[in-house]
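Report on the following structure.
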């Protein structure tokens, strides 16, 4: 399988911390990325929907005090696998980059 | 936010369902954090583009998935076609921009117009079961007892509620406020099926004098004057009108509540002592009635019952109710009643804008035909390589569809802007103005328009271009025959465009001529340079008419002393407003007796110097002066319409009339003044009387009118005049400060707005049609440049070549013109309700439009035609 879209990886990473819902996913990604990325919610949620279609994430029960209009999602086993594989791939990539002196002498 | 929510409807349910709420929440959060207007604007644009882009991708996937469903390798093919389409569109950016831009203009304008139509005419009123709500006998003034009796006389009406405009003042809550209120039957809100958001509704017991000192506040007033304090319910506040100085607040309406009439801030009950007969009830100010049809009752049944009631009451009170009004007594759906005269015009506007959209489609079709022509070689290669006709057609349709979708999305964005513009330009009296906006229905319309426009503009060119004879084209012989075929098609498209444009431009021409007629109508006074303002003393501040008289006398004295003020006076109802006060009047020479109707004549109470201040002219006798005091003989000035109607051919000065009854001293006519269009520029003047306050000393508020010395900007003196008024009494609220000319002008506001809208459509139609003419001529010239080169080489004059280049397109223009004028003459009657003193078949408009279109079309054709006559034979022949 080829690399997954960076935004999809971001979504999976947010969900490794536990179930979440749309607005919170966007806020967490914005916190993590800062100014590096402008988030477009409709397009982000298209990705979330794609992840649901692929079975990497699934809908789950909301906490009791949650706003009933929110849909909560969580990682599935397959989603965990994909995220882990992608993380390994990126780690190897960074090691290779470091070996090529791309990261300076640190 | 409502627009954004509507926009979300474009997204597929799989996204909107689980995350729609999150998207609204995110946008709201971002808008709240935004530091200024500009960044809020940027956030809005970004959010809308985001949704549109996501919707475009999703819908496109679904559409192509559907087209290719069940075919082997379908997905691959569609990716191929899509890629191909994007590349082709990107290769000809100018053409693509023209196509997308033209469609965006057409779809955007149509969508914005539809959103107005939808709000004014289609959307149900925001009440419970709104289809059962009706307006009752709108032409007739009722009194409270009539409302009560009608309820009993008409079982087809479940409840009837009267509405009457009522002015109040609020003091003791900061600055004194002049408040627009409404007196309504206690069952008013139950008739509408709404309840106050806070507190309670009126009870039936509160419809009795004495128990009626209660009020329900609008949400807006509650916030503005009471700081949204929930404890205001139950409090007694100084909300005064002529019946009670104080009232207990019992409820607050919700911010979403839309009043039936006007925009009142307070509702108070219409009260009537039990058992009062209609004849003894003096509350003849119940101008509007709203009723709820009983379940299963029809409009016809209700109308019949209302008419029977009207006949009965007219027979008893033939001096108050005109017999002619009885036969027109009817109930109409409240929605139709609210749309008023604007309703039919909006349908015309929607028709006009649909024609504009058609013109846009014809233009796009022409552009695509031209491109199809240019790509014949390319397509022939594909055909030779084995692409079937269906495949080529599909490829071309995918291209048009993509461009169409982009045009549609851009059009929707455009319509957001246009809707805001419309709401800003519309006169405040425009029906249901605050409900205009882009919603699901409007978006549905936009999408349908997009789909039809893309298909309409794309299908013929795609079919035509795909009909490629590979051998002939590649052999070089195909060009001339298919070219001629296309040329015929293009020319007829341009003819059709012209015909459509004629229809639209005739419509806008008629509206503009009406507007011109209306605004050039002599209002009967000169309002420029006259400042008006209304000091309204709060209830109880001045106990009686005499005190009011003293107050206004001092105010006028002070205002006259303000530097820059030339003259100042006062009147109780401003000209150019629809308010009326009238007296049953007994006129010298008019017989009185059984079966004779006593005419009810409008009157205004003025102060000395009024006619001079507003620039009216005296046609005979004298004006009202200080000498017409309380002890002098009662004097009256009448207008020309009065004199002409009741004393035709006689001198009115010196005649006598009596008001209200045949008893007492008569008023002597001391002067005749010119007619003033009191009810608005478009309305014929009626007979009128002017009395002076010194002789009709009621406690009433006046509008102060002050003429500034030559050329002084009146509003610049506002502060000084205000000071002068407050120097007499600082606790009197002052409202309605403006120039008299704008008050008079406002009465033409709705006509002006409709004329502006239709005028814009006309201009757009003209622009698009001239682009079409330009295109077809340019195309013809390009195709025939070799021919022109040869003819010039053989000695043809440049003028002959020019004529030959223009002939084709001008023939199409003339044919289009003839057809268009014929269609316009058949359809312009639809506008008649909005026209003022202009016939729908007005020959000047028709001739003017024909001339205008000929000139514009000729100019559009002349530019490329001129190029034809400048062809250099050497260059052209060398390139052949």
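Chains as they are written, first to last, in my numbering: chain U, 1 to 106; chain B, 1001 to 1880.
Built from N, CA and C at the ideal position, the CB exists for glycine as well.
**OP:** Assign residue 1072 (chain B) to one of three DSSP states: helix, strand, or coil.
**Re:** With a pLDDT of only 49 at residue 1072 (chain B), under 50, the local geometry of the prediction cannot be trusted, and no value is derived from it.
Original post:
Going along the chain, which residues of its own chain have a beta-carbon closer than 8 Å to the beta-carbon of residue 1269 (chain B), five neighbours each way excluded?
Top reply: Only 1183, 1184, 1185, 1186, 1202, 1206, 1207, 1212, 1214 meet the Cβ criterion.
Original post:
Between the C-alpha atoms of residue 1458 (chain B) and residue 1082 (chain B), what's the straight-line distance to the nearest angstrom?
Top reply: 16 Å
**OP:** In angstroms with no decimal places, state the Cα-to-Cα distance between residue 1478 (chain B) and residue 1370 (chain B).
**Re:** Per-residue confidence for residue 1478 (chain B) stands at a pLDDT of 45, beneath the threshold of 50, marking its modelled position as unreliable; the derived number appears in the next sentence. Approximately 15 Å, taken between the alpha carbons.
Original post:
What residues in the stretch 60–77 of chain U bring their beta carbon closer than 7 Å to a beta carbon of chain B?
Top reply: 69, 70, 71
Original post:
Does DSSP put residue 1703 (chain B) in a helix, a strand or coil?
Top reply: strand
Original post:
Cα separation between residue 1498 (chain B) and residue 1760 (chain B)?
Top reply: 17 Å
Original post:
Given that a residue counts as buried once 16 or more other Cβ atoms are within 10 Å of its Cβ, and exposed if not, what is residue 1363 (chain B)?
Top reply: buried
Subject >> Alpha carbon of residue 1847 (chain B) to alpha carbon of residue 1821 (chain B), nearest angstrom >> reply: Take the alpha-carbon of residue 1847 (chain B) and the one of residue 1821 (chain B): they are about 9 Å apart.
Subject >> Terminal residues of the alpha helix (DSSP H) in which residue 1314 (chain B) lies >> reply: 1299–1316
**OP:** Could you check if residue 1254 (chain B) is buried or exposed, using at least 16 other CB atoms within 10 Å of its CB as the buried criterion?
**Re:** exposed
Original post:
Residues bridged to residue 1639 (chain B) by DSSP?
Top reply: B:1673
Original post:
How about residue 1768 (chain B) and residue 1367 (chain B): are their beta carbons less than 8 Å apart?
Top reply: Not a contact, by the Cβ cut-off of 8 Å.
**OP:** Given a cut-off of 8 Å, decide if residue 22 (chain U) and residue 69 (chain U) are closer than it, judged by their beta-carbon atoms.
**Re:** By the CB criterion at 8 Å, residue 69 (chain U) and residue 22 (chain U) fall outside the cutoff.
Subject >> DSSP-derived helix/strand/coil call for residue 1807 (chain B) >> reply: helix
**OP:** Taking residue 1571 (chain B) as part of the beta strand (DSSP E), name the residues at either end of that continuous run.
**Re:** 1565–1571
**OP:** State the beta-bridge partners of residue 1941 (chain B) as determined by DSSP.
**Re:** The displayed coordinates of chain B run from 1001 to 1880. Any statement about residue 1941 (chain B) would go beyond what the structure contains.
**OP:** Could you name the residues of the stretch 16–32 of chain U whose beta carbon sits closer than 7 Å to any beta carbon of chain B, in the order they occur along the chain?
**Re:** 21, 22, 23, 26
Original post:
Can you give the Cα-Cα distance for residue 1489 (chain B) and residue 1012 (chain B), rounded to whole angstroms?
Top reply: 39 Å
Original post:
CA-CA distance, residue 1480 (chain B) and residue 1105 (chain B)?
Top reply: With a pLDDT of only 49 at residue 1480 (chain B), under 50, the local geometry of the prediction cannot be trusted, and no value is derived from it.
Original post:
Less than 8 Å separating the beta-carbons of residue 1698 (chain B) and residue 1545 (chain B)?
Top reply: yes
Original post:
For residue 100 (chain U) and chain B, any beta-carbon pair shorter than 8 Å?
Top reply: no
Original post:
Alpha carbon to alpha carbon, what distance is there between residue 1807 (chain B) and residue 1796 (chain B)?
Top reply: 16 Å
Original post:
With a CB to CB cut of under 6 Å and the five nearest residues on each side skipped, what residues in its chain are close to residue 1813 (chain B)?
Top reply: The beta carbon of residue 1813 (chain B) is closer than 6 Å to those of 1498, 1857 in its chain, skipping five residues each way along the sequence.
Subject >> Closest by C-alpha distance to residue 1442 (chain B), when choosing among B:1223, B:1111, B:1034, B:1817 >> reply: Selected option, being the one with the closest Cα: B:1111.
**OP:** Would you mind telling me which residues of chain U sit closer than 7 Å to residue 1026 (chain B), beta carbon to beta carbon, in chain order?
**Re:** Neighbours of residue 1026 (chain B) across chain U, judged by C-beta separation under 7 Å: 23, 26, 41.
Original post:
CB-CB under 6 Å to residue 1755 (chain B), same chain, minus the five flanking residues each way: which ones, in chain order?
Top reply: The residues are 1511, 1512, 1515.
**OP:** Identify each residue in the stretch 1001–1019 of chain B for which the Cβ-Cβ distance to at least one residue of chain U is less than 7 Å, and report them in chain order.
**Re:** Answer set for the stretch 1001–1019 of chain B: 1011, 1014, 1015, 1018, 1019.
Original post:
Where does residue 1587 (chain B) fall in DSSP's three states?
Top reply: strand
Original post:
So what does residue 1510 (chain B) bridge to, in DSSP terms?
Top reply: Answer is none; residue 1510 (chain B) lacks a bridge partner.
Original post:
Which residues does DSSP pair with residue 1620 (chain B) in a beta bridge?
Top reply: BP columns for residue 1620 (chain B) point to B:1672.
Original post:
For residue 4 (chain U) versus residue 94 (chain U), is the C-beta spacing smaller than 8 Å?
Top reply: no
Subject >> Beta-carbon proximity check, residue 14 (chain U) vs residue 29 (chain U), cutoff 8 Å >> reply: yes
Original post:
Taking all protein chains shown into account, do 16 or more other C-beta atoms lie within 10 angstroms of the C-beta of residue 1799 (chain B), making it buried, or fewer, making it exposed?
Top reply: exposed
Subject >> Closer than 7 Å: residue 1540 (chain B) CB and nearest the ligand GDP heavy atom >> reply: Judged by which ligands are present, the structure shown has none, so any question about the ligand GDP falls away.
Original post:
Nearest CA to the CA of residue 6 (chain U): which residue from U:62, U:51, U:63, U:20?
Top reply: Residue U:51 holds the alpha-carbon nearest to the alpha-carbon of residue 6 (chain U) among U:62, U:51, U:63, U:20.
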